[in-house]
Amino acid sequence: MVVTMRAAANGIDIAYESFGSPAGRPLLLIMGLGAQLIQWDETLCELLAEQGHHVVRFDNRDAGLSTHLHEHGAPAMGAAPPYLLDDLADDTAALMDVLGWTAAHIVGASMGGMIAQTLAIRHPERVLTLTSIMSTPGPSIAPPTEAAAAILMGRPPQGREAVLEQAVRTWSTIGSPGYELDQERIKALAALAYDRCFDPAGTARQLAAIMGSGDRTAALAQVKVPALVLHGEADPLVPLVGGQATAAAIPGARLVTYPGMGHDLPRELWPSFVAEITKLTSA
1 MVVTMRAAAN GIDIAYESFG SPAGRPLLLI MGLGAQLIQW DETLCELLAE QGHHVVRFDN
61 RDAGLSTHLH EHGAPAMGAA PPYLLDDLAD DTAALMDVLG WTAAHIVGAS MGGMIAQTLA
121 IRHPERVLTL TSIMSTPGPS IAPPTEAAAA ILMGRPPQGR EAVLEQAVRT WSTIGSPGYE
181 LDQERIKALA ALAYDRCFDP AGTARQLAAI MGSGDRTAAL AQVKVPALVL HGEADPLVPL
241 VGGQATAAAI PGARLVTYPG MGHDLPRELW PSFVAEITKL TSA
């Protein structure tokens with residue numbers, strides 16, 4: 001049974017879970033906008049742990065069981081965000097302090113990729129390798145399709161059943177068209193997420209952080225660690241150009257793209273993800 005732990009880090013509490021031996025290579029998984037640590041599937045975490053990693057997944061601030069900044073409410077259009085990706089990166093570094101990790105292999109998906117990039121820029125000594133999945137150096141580089149933007153900016157549903165139905169609509173829109181959509185799994189994960197925490201205003205604050213943090217392209221040129229970029233060729237939320245721009249910005253980064261993959265992590269591709277990440281962390 002996976003036990004959820006709590007860490008006092010950077011002035012907030014961060015909920016996290018770990019897999020594998022503490023003696024393994026430290027691997028930190030950072031999830032995306034409004035997503036909770038459970039979006040890193042337990043089986044995927046275990047597959048990474050089997051390759052010699054000590055895997056930690058965690059809830060970013062304003063998500064899941066970590067601290068929510070309710071006092072800030074939902075940010076008004078055009079208002080200064082209550083925090084930036086810099087702060088989320090600093091949260092991550094502070095969590096590593098609690099874990100006793102001087103440095104770690106960092107994997108981020110979507111907004112998590114943006115946080116991982118920011119961590120490598122702000123705290124280069126803490127990053128052994130960088131894996132950026134379905135992400136981008138800046139929001140204006142890879143704007144979403146109209147349908148994906150409508151999902152992202154739509155009014156949050158009210159009530160548990162409405163949230164579950166919305167989850168199916170969301171992943172039907174931004175998920176992987178080349179792979180079968182498992183509606184029951186989507187609903188089960190959405191139910192678990194809702195029961196852990198439902199905070200649309202927190203997601204809005206995270207989105208404000210993304211929009212307020214600018215473009216990292218120039219700063220990424222200074223990143224010296226081995227880097228891997230994974231991206232779906234059919235991603236409507238962060239189109240492929242975002243992954244291409246990330247790989248182009250980081251010296252020596254390797255780009256791996258997947259036909260039929262959208263803005264999710266299809267189970268069928270997990271063996272490839274694990275192999276690519278392990279190749280990077282084992283070099």
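For the record, in the sequence shown the residue sitting at position 79 is 79 according to full-length UniProt numbering, with numbers rising by one throughout. C-beta: ideal position from N, C-alpha, C; glycine also. Since we're looking at a predicted model, the values are computed, not measured.
Buried versus exposed, by CB contacts within 10 Å (16 or more), residue i
| i | result |
| --- | --- |
| G154 | exposed |
| S282 | exposed |
| Q158 | exposed |
Cβ shell of residue i (< 6 Å), same chain only, five flanking positions each side left out
| i | result |
| --- | --- |
| V223 | A120, I250 |
| E146 | none |
| H231 | M134, L240, G243, T257 |
| P156 | P200 |
| R160 | Y194 |
Closest Cα partner of residue i within the set the options
| i | options | result |
| --- | --- | --- |
| Q166 | G20, A275, Q183 | Q183 |
| N60 | R122, N10, P139, P266 | N10 |
| L44 | L33, R57, G34 | R57 |
| S110 | T246, I277, G252 | T246 |
| V229 | T131, A104, V127, G252 | T131 |
| A219 | G232, G100, A248 | A248 |
| V238 | A227, M261, T217 | M261 |
| H72 | D41, L269, M211, A201 | A201 |
| Y194 | G214, A149, A148, A162 | A162 |
| L265 | E233, G252, A8 | E233 |
Beta-carbon spacing of residue i, residue j below 8 Å
| i | j | result |
| --- | --- | --- |
| H54 | L27 | yes |
| L85 | A221 | no |
| I115 | L152 | no |
Assigned secondary structure, residue i (DSSP; H/G/I helix, E/B strand, else coil)
| i | result |
| --- | --- |
| G159 | coil |
| A15 | strand |
| T131 | strand |
| F198 | coil |
| M1 | coil |
| R61 | coil |
| V168 | helix |
| R126 | helix |
Cutoff 7 Å; reference residue i; Cβ partners in own chain excluding five residues on either side
| i | result |
| --- | --- |
| L207 | L33 |
| L192 | I38 |
Close-in-space but distant-in-sequence residues of the same chain around residue i (CB under 8 Å, 5 per side omitted)
| i | result |
| --- | --- |
| M5 | A15, Y16, E17, S18 |
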